[in-house]
Amino acid sequence: MARSPRKSTAAAATPVVDEQPALRALQDAHTANPRYPASDEQLLKFYEQMLLIRRFEERAGQLYGLGLIGGFCHLYIGQEAVAVGLQSALREGHDSVITGYRDHGHMLAYGIDPKVIMAELTGREAGISRGKGGSMHMFSTEHKFYGGHGIVGAQVPLGAGLAFGHKYREDGGVCLAYFGDGASNQGQVYEAFNMAALWQLPIIFVIENNGYAMGTAVKRGSAETHFHRRGTAFRIPGMDVNGMDVLAVRGAAEIALEYVRGGNGPVLMELQTYRYRGHSMSDPAKYRTREEVQDMRDNHDPIEAAKAELIKRGVGEDQLKSIDKAIRAQVAEAADFAENSAEPAPAELYTDVLVETY
Amino acid sequence: MAVELKMPALSPTMEEGTLSRWLVKEGDTVRSGDILAEIETDKATMEFEAVDEGTVGQILVPEGTEGVKVGTVIATLSGDGEAAPAAAAAPVAAPTPAPRAEIAPPPPRAAAVAEIPPGTNMHSATVREALRDAMAEEMRRDARVFVMGEEVAEYQGAYKVTQGLLEEFGPKRVIDTPITEYGFAGIGTGAAMGGLRPIVEFMTFNFAMQAIDHIINSAAKTNYMSGGQMRCPIVFRGPNGAASRVGAQHSQNYGPWYASVPGLVVIAPYDAADAKGLLKAAIRSEDPVVFLENELVYGRSFELPELDDHVLPIGKARVVREGHDVTIVTYSIGVAFALEAAAELAGEGIEAEIIDLRTLRPLDTATVLASLKKTNRVVVVEEGFPVCSIASEIVTVCMEEGFDDLDAPVLRVCNEDVPLPYAANLEKAALIDTARVVAAVKRVCYR
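Next comes the structure, spelled out in structure tokens:
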């Protein structure tokens with residue numbers, strides 16, 4: 006892999022930065038105040054949200070193994086601190102979020118009911134897309150979560166379009182557009198960068214660098230592996246963030262949001278993170294070692310780190326256990342709901358092709 | 021030795037123009053690069069430069085003259101001494117391009133049932149004006165509507181379709197984009213998902229190939245994939261099909277491509293009234309619409325109803341001409357060839373019924389089948405490739421649902437199955453024309 010989060014954490018002290026002061030101002034601010042000063046209550050909430058994603062995804066993996074979930078299923082395990090740290094800083098239902106196909110975590114972090122997500126994974130009528138979308142194609146306009154897109158990189162201009170809408174309506178909203186290190190090499194990403202910077206759109210481009218584009222390590226697919234510098238040509242300031250530390254992510258989000266909400270145009274954030282599971286469920290895992298994955302789990306896990314910090318702050322183990330128990334029950338309930346809901350009625354095949362009747 | 025300065029062709033499809041202003045007078049000495057005159061075409065006002073030096077002799081066409089045909093001698097230039105061959109304007113005063121679509125003036129508009137109330141005042145307008153008016157009216161009506169694309173604002177539209185919109189609606193709603201189709205189609209689609217009503221103009225649909233992923237994967241499929249939760253009310257519009265002498269990469273009809281995709285509405289109007297009424301309907305639709313125009317038709321004038329709100333139904337074909345011997349099914353510029361063929365055939369005692377599909381998806385098969393039931397013969401006329409075409413689809417519909425009504429095989433009149441060549445003679449050979457329509461009709465009529 007190109008850079009492990011451990012290296013990037015170390016690198017955070019001496020980050021790879023741009024020469025232009027304006028382009029590195031946000032990075033400098035982040036380096037000066039690397040972590041969000043969360044209250045115990047806030048940190049507990051982050052812990053709870055990350056744990057929900059972890060347990061949800063573990064259960065989704067099980068259901069896939071049982072044949073209840075089909076097709077592609079991309080799990081977010083290991084990356085939880087990114088979605089939780091960033092989205093906790095947003096105004097839910099006001100700021101918009103869009104992502105690619107690894108979307109379960111972003112939905113859970115935006116407060117969308119795990120039951121309707123899991124039921125979509127099992128292809129049931131009660132699913133959030135009535136069983137017609139599946140893992141990669143889920144949406145909640147009510148929460149301003151705009152998908153769930155299966156074409157690598159497509160969500161980046163779409164996100165710029167959502168940001169365009171915020172600016173057009175002058176509603177003060179911001180769009181958070183997630184994509185991966187793999188999508189970062191798509192041409193349309195740079196077309197979107199150009200127009201977002203040209204029109205000063207309120208958008209944060211979030212690159213979740215988990216080290217691998219499917220099975221291709223960053224250094225094997227990218228000439229510039231420091232993705233936060235990829236906006237330099239468009240005068241978009243970049244930030245290099247430890248995506249395994251939820252408070253570092255939240256701290257960076259505060260800085261980026263203040264900049265974007267101030268009408269200064271887009272920000273490009275690179276989150277150093279890691280996925281423990283395969284790219285999708287059918288990943289042969291031949292491109293990295295077991296030791297590398299184990300090292301990440303043992304030494305850099307965002308949930309274990311948050312837990313340790315909570316204990317250090319004096320939160321009782323009992324309280325954490327009861328949170329864990331409640332989440333397990335919530336996920337079990339979602340799985341039961343997803344397994345026992347009805348499949349879509351055959352007539353659903355023909356509905357929703359067009360909105361209107363012509 | 022006097023050189024003739026001829027009215028130049030300033031665009032591939034220009035047939036005539038207005039000589040707006042002379043910037044020189046008789047007796048003036050001019051040098052290479054001096055601006056001689058301003059000429060207004062249907063696309064833009066352009067400056068006409070001298071390419072060599074000499075003295076302006078006679079000015080033969082006074083300024084302000086409209087409808088000056090390409091190739092008309094507008095002035096003479098005396099050579100500057102014996103050795104100066106003042107080949108002024110030679111490159112632009114090349115032989116008049118033979119416009120391939122020499123179309124007779126359109127007949128009065130057939131009264132489509134209940135679409136235009138009887139007694140409505142009509143005035144003449146070009147398709148270009150009708151499209152612009154449709155956008156302007158919808159932008160006045162709904163603040164969510166905006167138009168974006170290459171050269172739509174300050175340039176006033178590469179084909180002048182968005183002329184005047186910037187002035188009325190300002191840069192917030194009339195937005196020039198960089199040349200980046202994939203990106204701005206995605207931004208438009210995202211804006212639609214977020215609740216706005218974008219009109220995305222492609223300079224031509226050939227360039228939309230760069231953006232087709234967003235049209236199909238992002239715009240067309242979202243409503244279905246979201247179980248009806250997330251809509252994408254967007255209009256992708258621009259000229260489609262062959263223009264004139266622009267070669268293979270700029271000359272293709274994408275109607276069949278988009279019409280094959282569930283989740284899209286595809287409209288391809290012919291005349292001004294349909295262009296306006298259907299574009300207004302497209303902008304109001306909750307569904308993503310691909311709206312295919314035709315460059316060669318932009319400048320043609322038709323009757324346009326003077327109605328406050330002329331909106332036509334999507335998905336309804338129009339019987340343009342009634343007849344009982346044969347049905348010609350067509351759309352877009354094909355309607356012009358069909359009308360011309362029908363006039364010729366009438367002279368030989370064959371009365372053709374012409375159906376303008378107008379909407380390619382959803383297809384109004386009922387109107388086609390009703391006409392087939394009446395005439396028992398069908399010819400499909402389509403300016404586009406024959407393979408996997410709208411014509412193929414109409415043939416299938418006739419086979420599957422109208423077989424018992426057929427007295428002859430359904431024939432297709434399509435372009436030749438080759439990339440469009442540049443050479444004038446080859447291009448002419450590749451494209452449909454009236455003679456081919458006449459021949460096909462005679463074949464199905466066994467005449």
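Here the protein sequences line up with chains X and A, keeping their order.
Each number in the working numbering corresponds to the 1-based position in the first sequence with 5 added.
Each number in the working numbering corresponds to the 1-based position in the second sequence with 20 added.
Where a beta carbon is used, it is the ideal one built from N, C-alpha and C, also for glycine.
Can you give me the start and stop residues for the alpha helix (DSSP H) that N243/A sits inside? 241-245
In chain order, each alpha helix (DSSP H) run of at least 4 residues that lies wholly inside the segment 250-322 of chain A: 275-279, 292-304, 315-318
Going straight from the alpha carbon of A222/X to that of A386/A, what length do you get? Rounded to the nearest angstrom, the gap between the Cα atoms of A222/X and A386/A is 56 Å.
Using a beta-carbon distance below 7 Å, is G297/A in contact with chain C? The structure shown contains no chain C; its protein chains are X and A.
Does any CB atom of chain A fall closer than 7 Å to the CB of R135/X? yes
What does a CB cutoff of less than 6 Å around A292/A pick up in its chain, not counting 5 residues either side in sequence? A145, V147, A150, F322, L324
Sequence-distant residues of the same chain with beta carbon closer than 8 Å to G184/A, five excluded per side: Sequence-distant partners of G184/A (beyond 5 residues in either direction) whose C-beta falls short of 8 Å from its own C-beta, in its chain, are R152, A156, Q176.
Quick check on DSSP: helix, strand or coil for S238/A? helix
If you pair each beta-carbon of the segment 256-267 of chain X with each one of the segment 198-209 of chain X, do three or more pairs fall below 8 Å? yes
Is the CB of Q193/X under 7 Å away from at least one CB in chain A? At least one chain A Cβ lies under 7 Å of Q193/X.
Run through chain X and tell me which residues come within less than 7 Å of P282/A, C-beta to C-beta. V358
Does E323/A have its Cβ less than 7 Å from a Cβ in chain X? no
Beta strand (DSSP E) containing A372/A: first to last residue? 372-376
Taking C-beta pairs closer than 8 Å, name the residues in chain X that H234/A reaches, listed in chain order. A159, P162, L163
E259/X CB to nearest chain A CB: under 7 Å? It does not; no Cβ of chain A falls within 7 Å.
Burial state of C408/A, where buried means 16 or more other Cβ atoms lie within 10 Å: exposed
Exposed or buried, E322/X, counting other C-beta atoms within 10 Å across all chains shown (16 or more means buried)? The residue in question, E322/X, is exposed, as its Cβ has fewer than 16 Cβ neighbours within 10 Å.
Taking the straight line between their C-alpha atoms, what separation do you get for N260/A and Y202/A? 18 Å
Three-way DSSP call (helix, strand, coil) for G267/X in this model: coil
What residues of chain A sit near N199/X, judged by a beta carbon separation below 9 Å? P198, T200, G203
Return the chain-ordered list of same chain residues with a C-beta closer than 6 Å to the C-beta of V194/X, the five sequence neighbours on each side being excluded. G158, V161
Does the Cβ of I219/A have 16 or more other Cβ atoms within 10 Å, making it buried, or fewer, making it exposed? buried
CB contact below 7 Å: L167/X versus chain A: yes
Comparing C-alpha positions only, which one of V121/X, F150/X, H148/X sits nearest to G136/X? V121/X
Identify which residue in V44/A, P282/A, T347/A, M245/A has its Cα closest to the Cα of N396/A. When only C-alpha atoms are compared, the closest one is T347/A.
Quick one: which chain X residues come within Cβ less than 9 Å of N243/A? N243/A reaches chain X at D357, V358, L359, V360, counting residues in chain order whose Cβ is nearer than 9 Å.
From the DSSP secondary-structure annotation, give me the bridge partner or partners of K521/A. This structure does not reach residue 521/A, given that chain A is present from 21 up to 467, and the question cannot be answered.
Given that N237/A touches chain X, what residues does it touch there, using C-beta distances under 9 Å? H154, G155, I156, A159
Please confirm whether T146/X has its beta-carbon closer than 7 Å to some beta-carbon of chain A. At least one chain A Cβ lies under 7 Å of T146/X.
In three-state DSSP terms, what is P111/A? Residue placement at P111/A cannot be trusted, given a pLDDT of 42 that sits under 50; what the coordinates show is reported in the next sentence. In the structure shown, the three-state DSSP call for P111/A is coil.
Taking DSSP as the reference, what is the three-state secondary structure of P105/A? In this predicted model, P105/A has a pLDDT of only 41, less than 50, meaning its place in the structure is not dependable; the value taken from the coordinates is given anyway. P105/A falls in the coil class under three-state DSSP.
Reduced DSSP category for S391/A - H, G, I as helix; E, B as strand; rest coil: helix
Taking C-alpha atoms, which residue in R251/A, M245/A, V286/A, S280/A lies nearest to G258/A? V286/A
Return the chain-ordered list of same chain residues with a C-beta closer than 6 Å to the C-beta of I195/A, the five sequence neighbours on each side being excluded. M168
Taking one C-beta from the segment 210-225 of chain A and one from the segment 230-247 of chain X each time, how about it: are there three or more such pairs within less than 8 Å? no
Excluding five sequence neighbours on each side, which residues of the same chain lie with their C-beta closer than 7 Å to the C-beta of R217/A? D162, R164, V165, P253, I303
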